[in-house]
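Numbering (this note's numbering), first residue to last: -10 to 617.
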């Protein structure tokens, strides 16, 4: 049925029917309510008074008939138009008030103004509460207010934006028979005298729906601000659930970030330690084992080279440097490395200064002189002029105390002549002595029998390096190793392990995403009354959808940020421990663009987990979780 309102009427009800149940259809009498008028609806419980209020407020559509406001049929409006109508023209006072428990009285009133798109919302909310004698209760939450005070806050929220229609139900605790649906008495009228519309009325001219309307409109920008404002306060009121979710996301993020971070540290540290020479010549065997034993002192050497191999490399045309190494002894667990003085002349490039420099003393000059690394000096307390004895083998057996007389120790002691400055490399934990000392302590031998463990070789040009490598690999007694190739192979092996770890990381991230989803879904169930309230106040579906996504975005961003910090902390602590084990210093992890991009890539996973709860929330009926 379609008709027009009577001249000058603001609200008209014509032939409205609504099915209440399978057997009951509610039929309402026709009436018109002029601007500024008030109407009391009385009757026994269960006769449809609240249902009629919902129809008048645009919360329900009638099956038959029309409700017209300013000449427009409310029931024929789209969902978005009815939300806009409630936002601009309706100020509903619910029977149970439905104040948000996590907001203060001031914020509850401010919420209604923000939904209505009214500017200076906080100032207007404070003024409205002041007119209702609640100026000193603005910072109190609903649980801290009496029933009468909560009622006045609900009235303030309903009338603060000056609506055209103010439907409302008497509170349960209000005196009087039945459940009269009308304005909430003096508080609402007090707001009317203060310049607000009287409850149930509209002081605007009958012919102009917007003639005296305040300019507030919920634009896309203000809708996002409303969602953000509500999300921040929602998270504040659910801080325990927020903390649990943030920690879960942080642990998952740290798990996904820390291994690539530490792996990169190890690669960089190992490459820095190996860049002072071009080629490693060792006895045939595993190239990785040879590199780990002669460069990092972490494994057993593949064997010894005949002395002639070292001599050939030393005397080969185009040789820049051939440094012999002889391993087999230790002091207090630190390897004793026999070498030549050319060891200390190694450089990152020909024009660079020597890579190794002395912090104290001088280089060795004769047998049993020793130059110790910075970590050896720090751990053992050895100083210039101190003496000590080494032990057979690559690991400590008897503790390696100075001047020990254990049968496993050599008879003639070493004397400290120099202490190297820290390099951050394996040499920091090495004891360097003339190679003749190592030959001598293992018994007299002819020149031909004086074997070496390895030779660090550098040539004048790249062609010379490959020429020497080909010649060495043709010798059955020796093998040439390019450190870069070994690192590349090790990286491939490491990447296989990382692939397995990546699968584990994906599983952990999946669990974290599930945690986020459960948290968002659970908080969504707790939030449904809030969502229904926002929808009843006039918030659109997009605003509610944005609210859930923004809450999730804030939660996941906090978790990922905390996880990134945790990964850097674990990388720093774990890198130090791992560096001590590997024998070289790992650079402190740094926040790089690559690491930040990897962390930011985790945030969309959390947003994906929130899509379903956000969609469900946006489709929530305004009345589904409101019962008054």
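All C-beta atoms, glycine included, are put in the ideal place defined by N, C-alpha and C.
By the three-class DSSP mapping on this structure, what secondary structure does residue 308 have?
The residue given as residue 308 occupies position 319 in the chain shown. Strand.
Would you mind reading off the limits of the beta strand (DSSP E) that contains residue 323?
For the purposes of this step, residue 323 is taken as the residue at position 334 of the chain shown. It spans 323 to 328 - the beta strand (DSSP E) in which residue 323 sits, taken as one unbroken run.
Starting from residue 112, trace the alpha helix (DSSP H) both ways and give me its first and last residue.
Numbered from 1 along the chain shown, position 123 holds the residue referred to as residue 112. That run of the alpha helix (DSSP H) goes 110 to 120.
Kindly indicate which residue of 70, 46, 367, 417 has the alpha-carbon position closest to the one of residue 345.
Sequence index remark: in the chain shown, residue 345 carries index 356 (1-based). Taking only the C-alpha atoms, the option nearest residue 345 is 417.
Which one or two residues does DSSP pair with residue 381 in a beta bridge?
The residue given as residue 381 occupies position 392 in the chain shown. Paired residues: 318.
Report the rounded CA-to-CA distance for residue 322 versus residue 249, giving the unit in angstroms.
Position 333 of the chain shown, counting from 1, holds the residue named residue 322. Position 260 of the chain shown, counting from 1, holds the residue named residue 249. One C-alpha to the other measures close to 31 Å.
Name the residue from 288, 96, 269, 146 whose alpha carbon lies nearest to the alpha carbon of residue 218.
Residue numbering aside, residue 218 sits at position 229 when the chain shown is read from its first letter. When only C-alpha atoms are compared, the closest one is 96.
Where residue 589 and residue 235 are concerned, what is the direct C-alpha to C-alpha distance, given to the nearest angstrom?
By 1-based counting over the chain shown, the position of residue 589 is 600. By 1-based counting over the chain shown, the position of residue 235 is 246. In a straight line, the C-alpha of residue 589 is about 15 Å away from that of residue 235.
For residue 11, name the three-state secondary structure that DSSP assigns.
Reading the chain shown from its first residue, position 22 is the one you call residue 11. Here residue 11 sits in coil by DSSP.
Can you check whether the CB of residue -1 is closer than 8 Å to the CB of residue 137?
Indexing the chain shown from 1 puts residue 137 at position 148. Indexing the chain shown from 1 puts residue -1 at position 10. No.
List the endpoints of the continuous beta strand (DSSP E) containing residue 698.
No information on residue 698 is available, as it lies outside the stretch -10 to 617 that the chain covers here.
Just the C-alpha distance for residue 389 and residue 374, rounded to the nearest angstrom, thanks.
As a working mapping, residue 389 is identified with position 400 in the chain shown. As a working mapping, residue 374 is identified with position 385 in the chain shown. Model confidence at residue 389 stands at a pLDDT of 42, short of 50, so the residue's coordinates are unreliable; what they give is reported in the following sentence. Roughly 17 Å between the two C-alpha positions.
How far does the alpha helix (DSSP H) with residue 68 in it reach, from first residue to last?
Within the chain shown, the letter at position 79 stands for residue 68. Element bounds for residue 68: 68 to 78.
Roughly how many angstroms lie between the CA atoms of residue 89 and residue 598, to the nearest whole one?
Mapped onto the chain shown, residue 89 falls at position 100. Mapped onto the chain shown, residue 598 falls at position 609. Cα-Cα distance, rounded: 26 Å.
On the DSSP letters alone, give me the boundaries of the alpha helix (DSSP H) that residue 455 sits inside.
Residue numbering aside, residue 455 sits at position 466 when the chain shown is read from its first letter. Unbroken alpha helix (DSSP H) run through residue 455: 451 to 462.
Can you tell me the Cα-Cα spacing of residue 591 and residue 229, whole angstroms?
Taking the first residue of the chain shown as position 1, residue 591 is located at position 602. Taking the first residue of the chain shown as position 1, residue 229 is located at position 240. Distance between the alpha carbons of residue 591 and residue 229 is about 23 Å.
Thinking just about the alpha-carbon of each residue, which of 243, 461, 271 is nearest to the one in residue 305?
Sequence index remark: in the chain shown, residue 305 carries index 316 (1-based). Per the Cα distances, 461.
Just to confirm my understanding: we take residue 222, look at its own chain, exclude 5 residues before and 5 after, and list those with CB closer than 7 Å. What are they?
Residue numbering aside, residue 222 sits at position 233 when the chain shown is read from its first letter. Closer than 7 Å at the Cβ level, and outside the excluded window around residue 222, lie 91, 92, 96.
Does DSSP put residue 299 in a helix, a strand or coil?
Sequence index remark: in the chain shown, residue 299 carries index 310 (1-based). In the structure shown, residue 299 sits in a helix (DSSP, three-state: H, G or I).
Are the beta-carbon atoms of residue 294 and residue 271 separated by less than 8 Å?
Taking the chain shown and counting its residues from 1, one reaches residue 294 at position 305. Taking the chain shown and counting its residues from 1, one reaches residue 271 at position 282. Cβ distance < 8 Å, so residue 294 and residue 271 count as in contact.
Indicate the three-state DSSP secondary structure (helix, strand or coil) for residue 334 in the structure shown.
Here the question's residue 334 lines up with position 345 in the chain shown. Residue 334: helix per DSSP, three-state reduction.
Can you grab the Cα-Cα spacing for the pair residue 308 / residue 319, in whole Å?
As a working note, residue 308 is residue 319 in the chain shown. As a working note, residue 319 is residue 330 in the chain shown. Near 31 Å, if we compare the C-alpha coordinates of residue 319 and residue 308.
Pull the bridge partners of residue 244 from the DSSP assignment, please.
Here residue 244 corresponds to residue number 255 of the chain shown, with the count starting at 1. Per DSSP, none; premise fails for residue 244.
For the 8 Å Cβ check, are there 3 or more pairs between the stretch 100 to 110 and the stretch 75 to 83?
yes
Just to check my reading of the structure: residue 314 and residue 283 have Cβ atoms closer than 8 Å, yes? What is that Cβ distance to the nearest angstrom?
Sequence index remark: in the chain shown, residue 314 carries index 325 (1-based). Sequence index remark: in the chain shown, residue 283 carries index 294 (1-based). Between residue 283 and residue 314 the Cβ distance is about 6 Å, and since that is below 8 Å, they are a contact.
Are the CB atoms of residue 552 and residue 243 nearer to each other than 8 Å?
Taking the first residue of the chain shown as 1, we reach residue 552 at position 563. Taking the first residue of the chain shown as 1, we reach residue 243 at position 254. Yes, they are a contact pair.
Please determine, among 419, 425, 147, 225, the residue with the shortest C-alpha to C-alpha distance to residue 543.
Taking the first residue of the chain shown as 1, we reach residue 543 at position 554. When only C-alpha atoms are compared, the closest one is 225.
Check for me: the alpha helix (DSSP H) holding residue 367 runs from which residue to which?
One-based indexing of the chain shown puts residue 367 at position 378. Where residue 367 is concerned, the enclosing alpha helix (DSSP H) stretches over 363 to 369.
Starting from residue 593 and walking both ways along the alpha helix (DSSP H), at which residues does that stretch end?
Against the chain shown, residue 593 aligns to sequence position 604. That run of the alpha helix (DSSP H) goes 592 to 607.
Is it true that the stretch 346 to 362 meets the stretch 400 to 408, where meeting means three or more beta-carbon pairs spaced less than 8 Å apart?
yes
Does the stretch 418 to 430 touch the stretch 356 to 373, meaning 3 or more C-beta pairs lie closer than 8 Å?
Because the criterion of three Cβ pairs below 8 Å is met, the stretch 356 to 373 and the stretch 418 to 430 touch.
Quick check on DSSP: helix, strand or coil for residue 6?
The residue you call residue 6 lines up with position 17 of the chain shown. Residue state, collapsed to three classes: strand.
Over the uninterrupted beta strand (DSSP E) stretch that includes residue 704, give me the two end residues.
Residue 704 lies beyond the range of the chain shown here (-10 to 617); nothing can be said about it.
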